[in-house]
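So the sequence shown is numbered by this note's numbering: it starts at 27 and just counts up by one.
Every residue, glycine too, gets a C-beta built ideally from N, C-alpha and C.
The structure appears below as structure tokens.
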Amino acid sequence: MRRLIAALLILMILPSICAAGAIRLKDLVEFDGVRGNDLVGYGLVVGLNGTGDGLRNAPFTEEIMSNILERLGVNVAGEQFRPKNVAAVFVTASLPPFSRVGAQIDVTVSAIGDSSSLLGGTLIMTPLNAADGQIYAVAQGTILSGGVVAEGQAASVTKGVPTSGLIPSGARVEREIDFDLASLSTVRLALREPDFTTAGRIERAINNEFRRPVAAMRDSGTVELNIPATQSASPAHALGRVENILVEPQRKARVVVDQRSGTIVMGSDVRLSRVAVSQGNLTLRIEESPAVVQPNPFADGQTVVVPRTGAAIDEEEGVSLAEVPESTSLSEVVAGLNALGVSPRDMIDILKSLKAAGALHAEFVVR
Numbered sequence: 027m028r029r030l031i032a033a034l035l036i037l038m039i040l041p042s043i044c045a046a047g048a049i050r051l052k053d054l055v056e057f058d059g060v061r062g063n064d065l066v067g068y069g070l071v072v073g074l075n076g077t078g079d080g081l082r083n084a085p086f087t088e089e090i091m092s093n094i095l096e097r098l099g100v101n102v103a104g105e106q107f108r109p110k111n112v113a114a115v116f117v118t119a120s121l122p123p124f125s126r127v128g129a130q131i132d133v134t135v136s137a138i139g140d141s142s143s144l145l146g147g148t149l150i151m152t153p154l155n156a157a158d159g160q161i162y163a164v165a166q167g168t169i170l171s172g173g174v175v176a177e178g179q180a181a182s183v184t185k186g187v188p189t190s191g192l193i194p195s196g197a198r199v200e201r202e203i204d205f206d207l208a209s210l211s212t213v214r215l216a217l218r219e220p221d222f223t224t225a226g227r228i229e230r231a232i233n234n235e236f237r238r239p240v241a242a243m244r245d246s247g248t249v250e251l252n253i254p255a256t257q258s259a260s261p262a263h264a265l266g267r268v269e270n271i272l273v274e275p276q277r278k279a280r281v282v283v284d285q286r287s288g289t290i291v292m293g294s295d296v297r298l299s300r301v302a303v304s305q306g307n308l309t310l311r312i313e314e315s316p317a318v319v320q321p322n323p324f325a326d327g328q329t330v331v332v333p334r335t336g337a338a339i340d341e342e343e344g345v346s347l348a349e350v351p352e353s354t355s356l357s358e359v360v361a362g363l364n365a366l367g368v369s370p371r372d373m374i375d376i377l378k379s380l381k382a383a384g385a386l387h388a389e390f391v392v393r
């Protein structure tokens, strides 16, 4: 009896263990046709505290300001403007799929002239166009800037990017994108990271969910879903059932290096061959300290600058020739590299050399 209970507990625990690395299908694929669209517009920000465009350096600001005033019935022909509280900006947004007329979306505002800050400014009504030239939304509102500038006569401090900001729900959708999802008989699932193994697992997981062959893998990046075969009320019902299926993806072994911050990220499938490594730092230091030589009082001569240069090469004690054993798991790779006792930036150079020597079995990505 106890053995039977233990066996039942193991059977209950196994599915949770197997699904530990599983990810929802909606996080692995994009559904064909279900996509956003980029919008862009050109507008004017007003109400700035003397941080706007200089109109001599940004004549397009004066032009758009004149156009806006004329549309409002103000005749400014032949007039010259010299305000410092306006700035020309680009307005960008992404129109989500199935957005309806009247829905609100976020917009990003970025200065294109010599404005030093958009803090506290208000975007005037700006049409947003898509790639087809049609207007799909109109943006307007107060800008929330992510940066600030503090300055005095001899110094200034800038934090963040004050020439860019966000308007939450700052645009209202005025036109819908024509896409009839209900008329589709097949929907393609496009993998964000194409892989034959992952595509095959997605095909099997969907067919197991519906208990019939409704999905077919076309290539490493595409799985095709037959909507009528799912016997669902509509394509939307079928996709709603499919998107939450759990699949364990298979990814390439990859090492990603960010040289600016010294960050190193390794995938779980990274492997190392047995190799010996030695590493040390070489520092070249050159210092210029020129001296001024003047002639004696009342003597004929002139003041000259005499160059003085100090040069030195310092070689720090590095890691002696150390053996990194063959690794079969990520923890063994990390333990082998940590045994060298070097800094993260030195580790980047070691990883580059390991890749060049053919001992690092992973895609090496440098950013």
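message: Closest to P109 by C-alpha separation, out of R244, S142, V72 and R393, would be which residue?
response: Considering only alpha carbons, the answer is V72.
field: Buried or exposed by the 16-neighbour rule on C-beta atoms within 10 Å, applied to S357
entry: Classification of S357: exposed, given that the 10 Å Cβ count is below 16.
message: Measuring straight from C-alpha to C-alpha, what distance separates V268 and I232?
response: The straight-line gap from Cα to Cα measures roughly 7 Å.
message: Which residue marks the beginning of the alpha helix (DSSP H) containing I374, and which one marks its end?
response: Boundaries of the alpha helix (DSSP H) harbouring I374: P370 to A383, taken from the DSSP string.
- prompt: Are L121 and I131 closer than 9 Å when you measure CB to CB?
  reply: Yes; because the gap between Cβ atoms is below 9 Å, this pair is in contact.
query: Three or more beta-carbon pairs under 8 Å between the segment 152-171 and the segment 190-202, yes or no?
result: Yes: the two stretches touch, three or more of their Cβ pairs being nearer than 8 Å.
- prompt: Should G362 be labelled buried (16 or more other beta-carbon atoms within 10 Å of its own) or exposed?
  reply: Its Cβ being crowded by 16 or more others within 10 Å, G362 is buried.
message: Could you tell me which whole beta strand (DSSP E) segments of length 3 or greater appear in the segment 157-225?
response: Counting whole runs of 3 or more residues, the segment 157-225 contains the beta strand (DSSP E) stretches 161-168, 174-177, 182-185, 190-199 and 212-217.
query: Along the chain, where does the beta strand (DSSP E) that runs through V67 open and close?
result: The identity of residue 67 in the sequence shown is Gly, whereas the question assumes Val. N63 to V72 is the span of the beta strand (DSSP E), which, as asked, contains G67.
query: Would you call the segment 255-271 and the segment 233-241 touching, i.e. three or more CB-CB distances under 8 Å?
result: Yes: at least three Cβ pairs fall under 8 Å.
query: Are there 16 or more other CB atoms within 10 angstroms of the CB of P333, so buried, or fewer, so exposed?
result: Classification of P333: exposed, given that the 10 Å Cβ count is below 16.
message: Tell me whether the segment 277-284 and the segment 62-72 touch, counting them as touching only if at least three CB pairs, one residue from each stretch, are closer than 8 Å.
response: No: the two stretches stay apart, fewer than three of their Cβ pairs being nearer than 8 Å.
- request: Assign Q328 to one of three DSSP states: helix, strand, or coil.
  value: In this structure, DSSP gives Q328 a state outside helix and strand, which the three-state scheme calls coil.
- prompt: Can you tell me the Cα-Cα spacing of V331 and P321, whole angstroms?
  reply: V331 and P321 have their C-alpha atoms spaced approximately 12 Å apart.
field: Endpoints, beta strand (DSSP E) assigned at S136
entry: Per DSSP, S136 belongs to the beta strand (DSSP E) from Q130 to A137.
field: Cα-Cα separation between V133 and N155, rounded to whole angstroms
entry: Rounded to whole angstroms, the separation of the alpha carbons of N155 and V133 is 13 Å.
field: V127 and G69 closer than 9 Å at C-beta
entry: If you check the CB distance, V127 and G69 do not come in under 9 Å.
field: Rounded straight-line distance, which links the Cα of E219 to that of A119
entry: Roughly 25 Å between the two C-alpha positions.
field: Residue closest to S143, alpha-carbon to alpha-carbon, out of T223, V249 and V112
entry: Selected option, being the one with the closest Cα: V112.
C-alpha distance - L35 paired with G47, whole-angstrom precision: For L35, the pLDDT reaches just 37, beneath the cut-off of 50, and the residue's location in the model is therefore unreliable, leaving the point undetermined.
- prompt: Do you know whose CA, among F57, I49, E200 and G147, lies nearest P261's CA?
  reply: Closest option to P261, Cα to Cα, is F57.
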